[in-house]
């Protein structure tokens, strides 16, 4: 059972890293620091978009329009940290 908890913790941590990298890359693209014409950059951004957008899309639907500011990644990070703490800390105490 401990291995399952550790696996879930690792998967959530990996997803959080992917989300952070995606957010930073989108900022760099918007500011013109990184060019999506580069094939490697395009592949990385496309992969990260495909794994983060299905989770971010429902959150965006419920958030009000803030004039170009997307806070859905912040909401997702807070939710994932809460879930990770709930699973890892609280479930580990029960075992």
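Residue numbers (the working numbering): 3 to 97.
In this text, a Cβ means the ideal position worked out from N, Cα and C, and glycines have one as well.
To the nearest angstrom, how far is the alpha carbon of residue i from that of residue j?
i          : j          : result
residue 42 : residue 48 : 10 Å
residue 6  : residue 50 : 25 Å
residue 46 : residue 40 : 10 Å
residue 4  : residue 35 : 43 Å
residue 56 : residue 96 : 32 Å
residue 37 : residue 68 : 26 Å
residue 66 : residue 94 : 37 Å
Give the range of the alpha helix (DSSP H) segment to which residue i is assigned.
i          : result
residue 33 : Taken as a continuous stretch (DSSP letters only), residue 33 belongs to no alpha helix (DSSP H), as it is neither H nor E.
residue 38 : Unbroken run through residue 38: none, as it is neither H nor E.
residue 83 : 74 to 87
residue 96 : 93 to 96
Out of the options, which one is the CA nearest neighbour of residue i?
i          : options    : result
residue 72 : 53, 61, 82 : 61
residue 17 : 63, 93, 52 : 52
residue 23 : 54, 3, 83  : 54
residue 15 : 82, 26, 4  : 82
residue 58 : 93, 76, 35 : 76
residue 19 : 78, 94, 93 : 78
residue 70 : 21, 27, 32 : 32
**Item:** Inter-stretch contact (C-beta, 8 Å, three-pair minimum) for the segment 88 to 97 and the segment 7 to 19
**Value:** yes
**Message:** My parser needs the alpha helix (DSSP H) runs of 4 or more residues fully inside the segment 39 to 70; what are they?
**Reply:** 41 to 64
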